[in-house]
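Asker:
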Amino acid sequence: HSDDPTQWLFEGTVPSATEPLQVAVARLLGYRWPDQEPDDLDALADGDGIVALPALSGELEAASRLRTVLARAYGDTWSSDVERQLVVAAGGKNGVLADWLRDSFFAHHCKVFGQRPFLWQIWDGRKDGFSTIVNYHRLDDATLAKLTFTTLGGWIDRQRSDAAAGVAGADARLLAAQGLQRRLKLILDGAPPYDVYVRWKELEEQPIGWQPDLDDGVRLNIRPFVEAGVLRSKVAVHWKRDRGTNPDGTERHNDLHPTLDGRQAARTAAGLGS
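All residue numbers in the sequence shown are consecutive under the working numbering, ending with 274.
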């Protein structure tokens, strides 16, 4: 086996991992490595792959849930000093777990996993606003819709209520959250430039709306989220022309945005329906 979570032979063990905090967050989000065996952390895995940083929908705040995972993983050796050491080692300068999750987790995740993140942190651009981590491997259209209308919707309802009650900052948080919701709706709809385009697939095979195929890879599927500007930090990914040519001699372009009408027309012509 390996203690490196970037390797297939890694078994999902937190304390012995080279990046224990990253592994703990992944376990909380329900991610599994191929060689991972069932253990007592499985019961703490989130049910839908959506973990909001603030307490929402009857769930505790993300930092508290992550701390529970860490405490169970480390057992008798767990302490506040161990927590602080782990946070500092993962780039959290002040040693505070909640601050690391909010401000540093995603950039660190991208760095550790070679700019191909499988946990995506989506936020509204405010440190006091809405932020959530999602398991990309479970982020189908239904899960993104749940995030957009139920999880984020619950935060919007809270800010609207707070704004009506005169709570300081609620108006600004409400506007930011509504802006994020609009952008997530655009990704759900999949109209350019918030679409997924897969170079090696025919036009009739291109997705309509948020219908990701995990086999196409993070690089292509993350594009609408990058274009919408909803990720917590920059991901070093591009969609420039790939080297070489296609079998028919054409260049391997990736940064294309076929319209939804064009995709649907191609499907209809191919007898594939909607």
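No residue lacks a Cβ here, since even glycine has one placed at the ideal position from N, Cα and C.
Output the distance between the C-alpha atoms of residue 118 and residue 13, rounded to the nearest integer angstrom.
Answerer: Taking the sequence shown and counting its residues from 1, the one referred to as residue 118 is at position 118. Taking the sequence shown and counting its residues from 1, the one referred to as residue 13 is at position 13. Distance between the alpha carbons of residue 118 and residue 13 is about 18 Å.
Asker: Can you give me the C-alpha to C-alpha distance between residue 258 and residue 193, rounded to a whole angstrom?
Answerer: The sequence position of residue 258 within the sequence shown is 258, counting from 1. The sequence position of residue 193 within the sequence shown is 193, counting from 1. Each residue's alpha carbon lies about 9 Å from the other.
Asker: In this structure, how does DSSP classify residue 52 when only helix, strand and coil are distinguished?
Answerer: Sequence index remark: in the sequence shown, residue 52 carries index 52 (1-based). Reduced to three states, the DSSP call for residue 52 is strand.
Asker: Is it buried or exposed for residue 35, if we count other Cβ within 10 angstroms and need 16 for buried?
Answerer: As a first step, residue 35 is located in the sequence shown; it is residue number 35 there, counting from the start. It is exposed - the Cβ of residue 35 has fewer than 16 other Cβ atoms within 10 Å.
Asker: Does residue 167 pass the burial test, meaning 16 or more other C-beta atoms within 10 Å, or should it be called exposed?
Answerer: As a working note, residue 167 is residue 167 in the sequence shown. That one is exposed.
Asker: So, residue 54 versus residue 155, is the Cβ gap smaller than 9 Å?
Answerer: One-based indexing of the sequence shown puts residue 54 at position 54. One-based indexing of the sequence shown puts residue 155 at position 155. Yes, the Cβ-Cβ distance between residue 54 and residue 155 is below 9 Å.
Asker: Buried or exposed for residue 135, going by 16 or more other Cβ atoms inside 10 Å?
Answerer: Position 135 of the sequence shown, counting from 1, holds the residue named residue 135. Its Cβ being crowded by 16 or more others within 10 Å, residue 135 is buried.
Asker: Which value, in whole angstroms, describes the spacing of the CA atoms of residue 50 and residue 266?
Answerer: Position 50 of the sequence shown, counting from 1, holds the residue named residue 50. Position 266 of the sequence shown, counting from 1, holds the residue named residue 266. Distance between the alpha carbons of residue 50 and residue 266 is about 34 Å.
Asker: Tell me the DSSP bridge mates of residue 10?
Answerer: Counted from its first residue, the sequence shown places residue 10 at position 10. In the DSSP output, where bridge partners are listed per residue, residue 10 has 2.
Asker: With respect to the alpha helix (DSSP H) encompassing residue 66, which residues constitute its N-terminal and C-terminal limits?
Answerer: Working through the sequence shown from its first residue, we reach residue 66 at position 66. From DSSP, the alpha helix (DSSP H) with residue 66 extends over 62-74.
Asker: Please report the straight-line C-alpha distance between residue 61 and residue 52, rounded to a whole angstrom.
Answerer: Here residue 61 corresponds to residue number 61 of the sequence shown, with the count starting at 1. Here residue 52 corresponds to residue number 52 of the sequence shown, with the count starting at 1. Cα to Cα, the separation comes out at about 7 Å.
Asker: Sorted by chain position, which residues of the same chain lie with C-beta nearer than 6 Å to residue 129's C-beta, five sequence neighbours on each side aside?
Answerer: Stepping through the sequence shown from its first residue, residue 129 is reached at position 129. Excluding sequence neighbours, residue 129 sits near 173, 176.
Asker: Does the distance from the CB of residue 198 to the CB of residue 213 come in under 9 Å?
Answerer: Along the sequence shown, read from residue 1 onward, the residue named residue 198 stands at position 198. Along the sequence shown, read from residue 1 onward, the residue named residue 213 stands at position 213. Yes, the Cβ-Cβ distance between residue 198 and residue 213 is below 9 Å.
Asker: Could you work out which residue in 20, 42, 37, 122 is closest to residue 97 when comparing CA atoms only?
Answerer: If you number the sequence shown from 1, residue 97 lands on position 97. Taking only the C-alpha atoms, the option nearest residue 97 is 20.
Asker: Under three-state DSSP, which class holds residue 120?
Answerer: Locating residue 120 in the sequence shown gives position 120, where the first residue counts as 1. Looking at residue 120 - three-state DSSP - the assignment turns out to be strand.
Asker: Whole angstroms is fine: what's the gap from residue 106's alpha carbon to residue 93's?
Answerer: Locating residue 106 in the sequence shown gives position 106, where the first residue counts as 1. Locating residue 93 in the sequence shown gives position 93, where the first residue counts as 1. In a straight line, the C-alpha of residue 106 is about 15 Å away from that of residue 93.
Asker: Buried or exposed: residue 109, going by 16 or more other Cβ atoms within 10 Å of its Cβ?
Answerer: By 1-based counting over the sequence shown, the position of residue 109 is 109. With 16 or more Cβ atoms within 10 Å of its Cβ, residue 109 is classed as buried.
Asker: Can you tell me whether residue 59 is helix, strand or coil according to DSSP?
Answerer: Your numbering for residue 59 matches position 59 in the sequence shown. Note: residue 59 maps to strand in three-state DSSP.
Asker: For residue 81 and residue 102, what's the separation of their Cα atoms in angstroms?
Answerer: Translated into the one-based positions of the sequence shown, residue 81 becomes position 81. Translated into the one-based positions of the sequence shown, residue 102 becomes position 102. Using only the alpha carbons, I get a separation of about 20 Å.
Asker: Using the C-alpha atoms, what's the distance from residue 33 back to residue 2?
Answerer: Counted from its first residue, the sequence shown places residue 2 at position 2. Counted from its first residue, the sequence shown places residue 33 at position 33. Whole-angstrom Cα-Cα distance: 11 Å.
Asker: Could you tell me the boundaries of the beta strand (DSSP E) in which residue 133 lies?
Answerer: Locating residue 133 in the sequence shown gives position 133, counting from the first residue. Segment 131-135, the beta strand (DSSP E) holding residue 133.
Asker: On the three-state DSSP scale, how would you describe residue 231?
Answerer: Numbered from 1 along the sequence shown, position 231 holds the residue referred to as residue 231. It is a strand residue.
Asker: To which residues of the same chain is residue 141 closer than 8 Å at the C-beta, ignoring the five residues directly before and after it?
Answerer: Looking up residue 141 in the sequence shown gives position 141. If we look at residue 141 and ignore the five residues flanking it on each side, its Cβ neighbours are 188, 209, 210, 211.
Asker: Which of the three DSSP states, helix, strand or coil, is assigned to residue 187?
Answerer: Within the sequence shown, numbered from 1, the residue matching residue 187 stands at position 187. Residue 187 falls in the helix class under three-state DSSP.
Asker: Expressed to the nearest angstrom, what Euclidean distance is found between the alpha-carbon atoms of residue 11 and residue 138?
Answerer: If you number the sequence shown from 1, residue 11 lands on position 11. If you number the sequence shown from 1, residue 138 lands on position 138. Each residue's Cα considered, the two are about 20 Å apart.
Asker: Less than 7 Å between C-beta atoms, sequence neighbours within five positions excluded: which residues of the same chain meet that for residue 46?
Answerer: Taking the first residue of the sequence shown as position 1, residue 46 is located at position 46. These residues qualify, in order along the chain: 28, 29, 30.
Asker: Is DSSP giving residue 217 helix, strand or coil here?
Answerer: In the sequence shown, the residue the question calls residue 217 occupies position 217. Coil, per DSSP.
Asker: By Cβ distance below 7 Å, which residues in the same chain neighbour residue 260 in space, the five residues on each side in sequence not counted?
Answerer: Stepping through the sequence shown from its first residue, residue 260 is reached at position 260. For residue 260, where only same-chain residues beyond five positions count, the Cβ hits under 7 Å are 190, 191, 208.
Asker: Below 8 Å on the Cβ atoms is my contact criterion, and I expect residue 116 with residue 230 to pass it. Report the Cβ-Cβ distance as a whole number of Å.
Answerer: Here the question's residue 116 lines up with position 116 in the sequence shown. Here the question's residue 230 lines up with position 230 in the sequence shown. That pair is no contact at about 18 Å.
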